[in-house]
Amino acid sequence: MTTRRTIMVLAASLGVVGLLTVVPDFPQASLAAQAPAEPAAAPVPSGLVKTLLVTGGPIHDGKAIGDLVEEAMKKSGLFDVTRAHEDLDAFLADRIAPFDLVVFYYTLGELKEAQKRGLMNHIAAGRGYVTFHSGADSFRGDPDYRAFVGGHFVTHPRYRQYHVSITENDSPITKDIDEFMITDEQYILDYDPRVTVLANALFKGKTVPVMWTKPWGKGKVFYLALGHDAKACQQEMFKKLLIRGSLWAAGRPVIDPK
Ligand SMILES: [Zn+2]
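Heads up: the sequence shown begins at 1 in the working numbering, then just goes up one per residue.
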């Protein structure tokens with residue numbers, strides 16, 4: 001019995017050795033070729049940025065401003081825009097899944113738990129979130145949303161022209177811009193000091209941020225304080241910054257469309 005068992009073990013060993021001798025120089029390639037079919041790895045981003053544009057809420061004209069933003073993004077030839085108006089269920093995990101970028105213009109409202117989870121987990125997995133103006137006054141008092149955006153609305157002076165200074169020239173969003181004048185409702189914001197402030201403006205002698213970037217997990221967040229009404233959103237600088245910030249958040253090269 002013992003001898004027979006020894007021979008079997010030896011034969012098995014020889015079999016293994018025999019198999020090893022025919023393994024090619026690139027065993028991983030060989031293993032991969034034999035592996036059962038699996039979904040391909042995520043491709044390097046190319047083509048149009050699949051964008052979900054969510055608008056709504058009271059006070060601001062989410063419909064008209066959303067139309068302008070949708071038009072500017074489509075005209076750039078860089079974004080494939082799907083619109084959701086007054087429909088926060090667009091954030092639910094199964095509906096948000098196809099999108100590389102979420103652009104959000106909304107005021108007040110309430111984010112339900114499943115909507116919040118859908119949005120924040122999707123962005124944390126490596127997508128982009130862009131919100132402007134009252135996007136920092138949405139879901140007022142929700143600490144999770146405040147942490148996600150990086151700040152929140154406090155007050156505003158009257159609608160007027162004001163001066164904006166770029167403070168961060170290393171970002172592709174602010175490339176070749178030093179300062180500009182803008183006519184809009186200036187937002188005074190409380191914000192997380194860990195955000196990267198890209199531009200400031202003065203209010204009562206103190207500087208307040210006009211735009212910032214921040215990470216969210218593997219994702220990127222861009223906030224722009226401009227955009228109170230349709231007139232403000234028609235200004236070229238508003239459109240330029242929104243497009244640049246959207247490309248940045250989506251992980252694409254930042255260019256100015258012709
Ligand atoms: Zn406003």
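Built from N, CA and C at the ideal position, the CB exists for glycine as well. Just so it is clear, the structure is predicted and the values come from calculations on it, not from any experiment.
8 Å Cβ cutoff met for residue i and residue j
i: valine 254; j: proline 172; result: yes
i: tyrosine 145; j: glycine 219; result: no
i: leucine 88; j: glutamine 115; result: yes
i: isoleucine 166; j: leucine 119; result: no
i: tyrosine 105; j: glycine 151; result: no
i: valine 164; j: phenylalanine 180; result: yes
Burial state of residue i (16 or more Cβ within 10 Å)
i: isoleucine 59; result: exposed
i: serine 46; result: exposed
i: methionine 211; result: buried
i: aspartate 256; result: exposed
i: glutamate 185; result: buried
i: leucine 52; result: buried
i: glycine 205; result: exposed
i: proline 193; result: exposed
i: glycine 217; result: exposed
i: arginine 158; result: exposed
i: arginine 160; result: exposed
i: leucine 202; result: exposed
Euclidean distance between Cα positions of residue i and residue j
i: valine 54; j: histidine 122; result: 15 Å
i: arginine 244; j: aspartate 137; result: 22 Å
i: threonine 155; j: histidine 133; result: 12 Å
i: glycine 141; j: isoleucine 177; result: 34 Å
i: aspartate 100; j: alanine 93; result: 13 Å
i: tyrosine 187; j: alanine 225; result: 6 Å
i: alanine 97; j: threonine 82; result: 13 Å
i: serine 246; j: phenylalanine 222; result: 8 Å
i: glycine 66; j: lysine 75; result: 14 Å
i: alanine 35; j: threonine 174; result: Because alanine 35 carries a pLDDT of 41, less than 50, the predicted location of this residue cannot be relied on, and the following value inherits that uncertainty. Going from the Cα of alanine 35 to the Cα of threonine 174 covers about 47 Å.
i: alanine 125; j: aspartate 80; result: 20 Å
i: alanine 252; j: alanine 147; result: It should be noted that the sequence gives arginine, not alanine, for residue 252. Going from the Cα of arginine 252 to the Cα of alanine 147 covers about 24 Å.
i: histidine 228; j: leucine 48; result: 28 Å
i: cysteine 233; j: alanine 72; result: 10 Å
i: alanine 249; j: valine 103; result: 10 Å
Start-to-end residues for the alpha helix (DSSP H) that takes in residue i
i: tyrosine 223; result: It is not in any alpha helix (DSSP H) - tyrosine 223 instead sits in the beta strand (DSSP E) that spans 219 to 224.
i: isoleucine 96; result: 93 to 96
i: phenylalanine 238; result: 236 to 249
i: glutamate 113; result: 113 to 124
i: glutamate 136; result: The sequence given here has alanine at residue 136, not glutamate. Run containing alanine 136: none; DSSP gives neither H nor E here.
Residues bridged to residue i (per DSSP)
i: glutamine 161; result: Thr183
i: proline 209; result: Asn200
i: phenylalanine 104; result: Val54, Thr131
i: tyrosine 260; result: Summary: the structure shown does not reach residue 260, with the chain confined to residues 1 through 258, and so no result is reported for it.
i: serine 171; result: Partner(s): none; serine 171 has no beta bridge.
i: valine 49; result: Phe79
i: proline 215; result: Lys220
i: isoleucine 166; result: Ala199
Endpoints, the beta strand (DSSP E) within which residue i is located
i: arginine 83; result: 79 to 85
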